[in-house]
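Numbering (our numbering), first residue to last: 174 to 380. Positions of the beta carbon are idealized from the N, C-alpha and C atoms, including for glycine. One structure is given here, and the rest of the page talks about it.
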Amino acid sequence: MLVTLEGIDGSGKSTLHDALGTALADLDPVITREPGSTWIGDAVRRAIREQADPVAEALLFVADHAAHLSEVIRPALAKEKLVISDRYIDSRFVYQQVTLEGIVPDPLSWLRAVHAGWTIYPDLTILLTVPVSIALERTGKRDKEEHFEQEAVLTRVQDYYMQLVEEEPYRFLIIDGTLSPEDITRVAGETIRFRNEQAKKSKNKRK
Ligand code: TMP
């Protein structure tokens, strides 16, 4: 089963990602992330740092995703592993929808077309939501602001996440990112366990 964690910068997503590794250790999950699980991730980090051309940056994120799929996700799913990825396809659908505006005519359709046919959609996506002011307070404590970490960008990114939820409500679990890290981990962990059990049962029935 493929589970993805999404949310704006400062939503507490990476804290949850680390905590789930411990909370679900008995399920022996494959814990991974985008960008940065492949060598292309280094190029992505450089593109973000140097504020590369938005199309070049978007395609580097896509290239990292392609390599992530073939090097990590597909082999793990083939072994029927539980895979948990910190960011995945929806990050592109929301962040690059903002960065490509005015550059390509319909960024979301463009991004969907670029992924069509070869990607794997998540079984469950956990979306952490927080007021942008709180997210900025949290990211402000970090050393350097990336160009994504600006109020206007994060506000739109969060709105775009909510539009994806409207389109596919069954894929998403929304958790209030202002809850305590313990509560967030408990809700996310229990949901993943439940869905993982369900997935196993329906697979056994089909055998
Ligand atoms: P991170 O903070 O989760 O490591 O992600 C780095 C930044 O990259 C974050 O601001 C979100 C952004 N991002 C995109 O713009 N598109 C993508 O496809 C991914 C995976 C991340």
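For residue i, which of helix, strand or coil comes out of DSSP?
{"i": "Thr-160", "result": "The question about residue 160 has no answer here: the residues shown for the chain are numbered 174 through 380."}
{"i": "Val-303", "result": "coil"}
{"i": "Leu-250", "result": "helix"}
{"i": "Glu-322", "result": "coil"}
{"i": "Ile-204", "result": "strand"}
{"i": "Asp-215", "result": "helix"}
How many Å lie between residue i and residue j at the Cα?
{"i": "Ile-204", "j": "Val-256", "result": "6 Å"}
{"i": "Ala-361", "j": "Pro-208", "result": "22 Å"}
{"i": "Gln-187", "j": "His-241", "result": "Checking the displayed sequence, the identity of residue 187 turns out to be Ser instead of Gln. Their backbone Cα atoms lie some 18 Å apart in a straight line."}
{"i": "Lys-380", "j": "Leu-175", "result": "20 Å"}
{"i": "Ile-120", "j": "Tyr-343", "result": "Because the chain here runs from 174 to 380, residue 120 falls outside it and cannot be looked at."}
{"i": "Leu-232", "j": "Thr-272", "result": "12 Å"}
{"i": "Glu-370", "j": "Trp-291", "result": "27 Å"}
{"i": "Thr-177", "j": "Pro-295", "result": "6 Å"}
{"i": "Ala-220", "j": "Gln-269", "result": "13 Å"}
{"i": "Phe-345", "j": "Glu-244", "result": "25 Å"}
{"i": "Val-322", "j": "Arg-265", "result": "Checking the displayed sequence, the identity of residue 322 turns out to be Glu instead of Val. Rounded to the nearest angstrom, the two C-alpha atoms are 15 Å apart."}
{"i": "Asp-259", "j": "Ser-210", "result": "10 Å"}
For residue i, collect the residues of the same chain with a Cβ closer than 7 Å to its Cβ; drop the 5 residues on either side in sequence, then sort them by chain order.
{"i": "Glu-324", "result": "Val-305 and Leu-309"}
{"i": "Gly-180", "result": "Lys-186, Leu-300, Leu-301, Thr-302 and Gly-350"}
Out of the options, which one is the CA nearest neighbour of residue i?
{"i": "Gly-275", "options": "Pro-227, Arg-368, Glu-339 and Thr-211", "result": "Pro-227"}
{"i": "Val-330", "options": "Ala-216, Leu-300, Thr-358 and Ile-357", "result": "Leu-300"}
{"i": "Asp-215", "options": "Ala-286, Glu-253 and Ala-236", "result": "Ala-236"}
{"i": "Lys-137", "options": "Gly-313, Arg-260, Glu-319 and Lys-252", "result": "The displayed coordinates of the chain run from 174 to 380. Any statement about residue 137 would go beyond what the structure contains."}
{"i": "Ala-196", "options": "Glu-355, Arg-260, Lys-378 and Leu-297", "result": "Glu-355"}
{"i": "Leu-327", "options": "Glu-340, Arg-311 and Thr-358", "result": "Arg-311"}
Between which two residues does the beta strand (DSSP E) containing residue i stretch?
{"i": "Glu-179", "result": "175-180"}
{"i": "Ser-258", "result": "256-259"}
Starting from residue i, trace the alpha helix (DSSP H) both ways and give me its first and last residue.
{"i": "Phe-367", "result": "354-379"}
{"i": "Phe-266", "result": "Note, Phe-266: premise wrong, no alpha helix (DSSP H); not H, not E."}
In chain order, what residues of the same chain have a beta carbon less than 6 Å from the beta carbon of residue i, not counting five sequence neighbours either side?
{"i": "Ala-249", "result": "Val-203 and Val-256"}
{"i": "Val-277", "result": "Trp-283"}
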